[in-house]
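Step one of this worksheet: look at the structure below.
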Amino acid sequence: MTKKRWVAIGLSIVVFVISLVIPAIGNSLKAEDPEENKGNMVRDFYNDARSVTVIENGDPTSRIAVLDIEGTIVDQEVSPLATVGYNHQKLLGDLEAMKTDDTIKAIILRINSPGGGVYESAELTDKIEEVKEARDIPVYTVMENMAASGGYYIAAHSEKIFAQTETITGSIGVIMQGFNVSELLDKLGIEDMTIKSGDLKDLGSITRESTSEELSVLQELVDNMYERFVDTVESGRDLSREEIYALADGRIYDGEQALENGLVDELGYFDDALLDLRNTHSLENAQVISFQRNDLDWFNNFFVNFKGLMPKQNLALPDISTHEEAPQFMYVYRGL
Numbered sequence: 001m002t003k004k005r006w007v008a009i010g011l012s013i014v015v016f017v018i019s020l021v022i023p024a025i026g027n028s029l030k031a032e033d034p035e036e037n038k039g040n041m042v043r044d045f046y047n048d049a050r051s052v053t054v055i056e057n058g059d060p061t062s063r064i065a066v067l068d069i070e071g072t073i074v075d076q077e078v079s080p081l082a083t084v085g086y087n088h089q090k091l092l093g094d095l096e097a098m099k100t101d102d103t104i105k106a107i108i109l110r111i112n113s114p115g116g117g118v119y120e121s122a123e124l125t126d127k128i129e130e131v132k133e134a135r136d137i138p139v140y141t142v143m144e145n146m147a148a149s150g151g152y153y154i155a156a157h158s159e160k161i162f163a164q165t166e167t168i169t170g171s172i173g174v175i176m177q178g179f180n181v182s183e184l185l186d187k188l189g190i191e192d193m194t195i196k197s198g199d200l201k202d203l204g205s206i207t208r209e210s211t212s213e214e215l216s217v218l219q220e221l222v223d224n225m226y227e228r229f230v231d232t233v234e235s236g237r238d239l240s241r242e243e244i245y246a247l248a249d250g251r252i253y254d255g256e257q258a259l260e261n262g263l264v265d266e267l268g269y270f271d272d273a274l275l276d277l278r279n280t281h282s283l284e285n286a287q288v289i290s291f292q293r294n295d296l297d298w299f300n301n302f303f304v305n306f307k308g309l310m311p312k313q314n315l316a317l318p319d320i321s322t323h324e325e326a327p328q329f330m331y332v333y334r335g336l
């Protein structure tokens, strides 16, 4: 390895250590309760480093907040270096901040997502509803390339939903996917040894065939989650439950089909939704903003600049022996 690369690695380590220590100290000084310091302090620091980016100039005492819901809706650790992608805790934090911000007069959800976890989709939807009710403000949704399954779940309660003709939406339903390797284990002469307290304790195991009782239990869970999805659509849209059942067989729709079926309100882009929101709610002079993480761009740029100098690393095979084998219920579109 060249001297230049060793210098780059050394500098990277120094900056990384500093990035861990400073947030930890800041959080420790800020927290009155020691319990608040538990968890991932680095993540909390980045989530707290909220700054406002002005998208359109206007009256700063009357603002429209844009929330971008981009990617698969799952709550996972997000690298401090990540500048794009879905960040569940950031969105929840942004919404919590809006709850006490009197300058926020409306919210536009800009969704480009195939959906995601059942829990995360419901949690984000509930938080949006909490802010909407606490502040008595309108919420609009703009669907971009895709707002399917959990993406539609989140949009369903919006006052107005805009989509484009090429938007993929719908996919109303629940899915639980996995795989079974029992036959492969038999061929390899590997025997599963599981000691359990009840027949259903290893429900969904990948190392043996599922019984009819187990499949029935899982199907009941999926059906219950599906009904809650239908409840959400029914309470947010001007559709009867029978109409929703006819639409909610998991299929996807383009924007025109969604408009015809009552799943969206209008065809249009972000600017069309913004104009409608301004005119409908007398927000012609409102400033349009989004919440970003600009405070630590220097840190991101440092690693971007030195990325080419870092040595290549071997890719490890994914670990399928832990939580990944447990049943995962998703409001997600898995096609295409």
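Under UniProt numbering, the first residue of the sequence shown is numbered 1, with each subsequent residue one higher.
The beta carbon of each residue, even a glycine, is placed where N, CA and C say it ideally should be.
Predicted model only: the values in this text are computed from it and were never measured.
Identify, in the order they occur along the chain, each residue of the same chain with its Cβ nearer than 8 Å to the Cβ of residue i, setting aside the five sequence neighbours on each side.
i             : result
leucine 267   : Phe162, Ala163, Gln164, Thr165, Gly255, Glu256, Leu259
threonine 72  : Tyr86, Ser113, Pro114, Gly115, Gly116, Val332
glutamate 129 : His157
Here's the rule: buried if 16 or more other CB atoms are within 10 angstroms of the residue's CB, otherwise exposed. What is residue i?
i                 : result
glycine 117       : buried
glycine 151       : buried
phenylalanine 291 : buried
glutamate 284     : exposed
alanine 106       : buried
aspartate 136     : exposed
alanine 248       : buried
arginine 228      : exposed
alanine 155       : buried
lysine 196        : exposed
serine 212        : exposed
methionine 98     : buried
State yes or no: is the C-beta of residue i within less than 8 Å of the C-beta of residue j?
i              : j             : result
isoleucine 289 : valine 131    : no
valine 230     : tyrosine 253  : no
aspartate 59   : alanine 286   : yes
isoleucine 172 : leucine 277   : no
isoleucine 206 : glycine 189   : no
threonine 125  : alanine 148   : no
tyrosine 226   : valine 174    : yes
leucine 200    : glutamate 214 : yes
Quick check on DSSP: helix, strand or coil for residue i?
i                 : result
serine 290        : strand
phenylalanine 179 : coil
residue 362       : No answer is possible for residue 362: the residues shown for the chain start at 1 and end at 336.
tyrosine 331      : strand
leucine 124       : helix
glutamate 56      : strand
glycine 85        : coil
valine 66         : strand
glycine 10        : helix
Using a Cβ-Cβ distance cut-off of 8 Å, determine whether residue i contacts chain D.
i          : result
serine 113 : The structure shown contains no chain D; it holds only a single protein chain.
Residues in the same chain with beta-carbon distance under 7 Å from residue i, minus the five sequence neighbours each way, listed in chain order, please.
i                 : result
aspartate 297     : Model confidence at aspartate 297 stands at a pLDDT of 44, short of 50, so the residue's coordinates are unreliable; what they give is reported in the following sentence. Answer for aspartate 297: no residue qualifies.
glutamate 209     : Asn180, Ser182
phenylalanine 270 : Arg110, Val142
glutamate 159     : Pro138, Val139, Tyr140
Can you name, in chain order, every residue of its own chain whose Cβ lies under 6 Å from the Cβ of residue i, other than the five neighbours on each side?
i             : result
threonine 167 : Met143, Gly255
threonine 103 : Thr61, Arg63
| message | Restricting to runs no shorter than 3 residues, where is the beta strand (DSSP E) found entirely within the UniProt domain "Peptidase S49" (134-280)? | response | 139-148, 160-163, 168-170
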